[in-house]
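Heads up: the sequence shown is residues -20 to -1, 1 to 171, going by mature numbering (1 follows the signal peptide of the UniProt record, and there is no 0).
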Amino acid sequence: GVLAVAVCARLGLCASVSRGRCCLIDIGNGGVVRTFGPPPPAAATTTTATAAKAKATAKAARKRFADTPAVCLGAQGHVLLVCDSTVSLGRDGLRQRIVSLELFTLEGVHLGSAELSPDRGVPTKLIPIAEGRAVMVCAGCGVEVRRVCIDRALEVLDEWSVSDDNNFRAAHDVDLGPSLMRPVVAAAALS
């Protein structure tokens, strides 16, 4: 089924995302412009093993688009998606879930990825800002602002924490208002 949808009126495109495919659709005639899948999984690295050992022992499952409504179709011609994969760390059965942001061109060319720290969780919303040159990532205990460009793809520019507790998922939505210069973060909590 469809996990996420985003529309960019400036580009005249809609992005529809399922677990294995992202479809870019022309909003003028409804035709499919392009389809592409997630990038191949990267070798996992851990803090307890060297990169070479981790590369030799890690067996990554297929990377998939994550089960989240978060997708960003930017006016600069980029598509930002959330992926997840599970990595087996050797023979002892330990598994690690990896959540990442993946940057694509409108042609489906993968430009880069950024692995999110495990305490962030899966992003719930992605919003393009600065005319598509940056994106606000709403996940976990706050919001990150990341660069959207080829040479420093998805570099963290700023982070706003809503909660000091990394295990408490406080940030659920982010929106811009009352103007583009005044972002508002909405958070909900139960005590």
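Glycine is no exception: its CB is placed at the ideal position from the N, C-alpha and C atoms.
My understanding is that residue i touches residue j, with C-beta atoms under 8 Å, so please give their C-beta distance in whole angstroms.
i	j	result
Gly54	Gly112	3 Å
Val128	Val102	That pair is no contact at about 19 Å.
Helix, strand or coil for residue i per DSSP?
i	result
Pro108	strand
Cys(-7)	strand
Arg100	helix
Glu124	strand
Ile130	coil
Leu53	strand
Ala(-17)	strand
Leu74	coil
Which residue or residues does DSSP assign as beta-bridge partners of residue i?
i	result
Asp64	Arg44, Val79
Gly88	DSSP lists no partner for Gly88.
Glu95	Ser80
Ala119	Gly122
Asp138	Val125
Would you kindly work out how many angstroms separate the C-alpha atoms of residue i and residue j, rounded to a whole number?
i	j	result
Ala119	Gly57	24 Å
Leu60	Gly73	32 Å
Val136	Ala114	10 Å
Ile5	Ala(-12)	12 Å
Asp144	Lys105	20 Å
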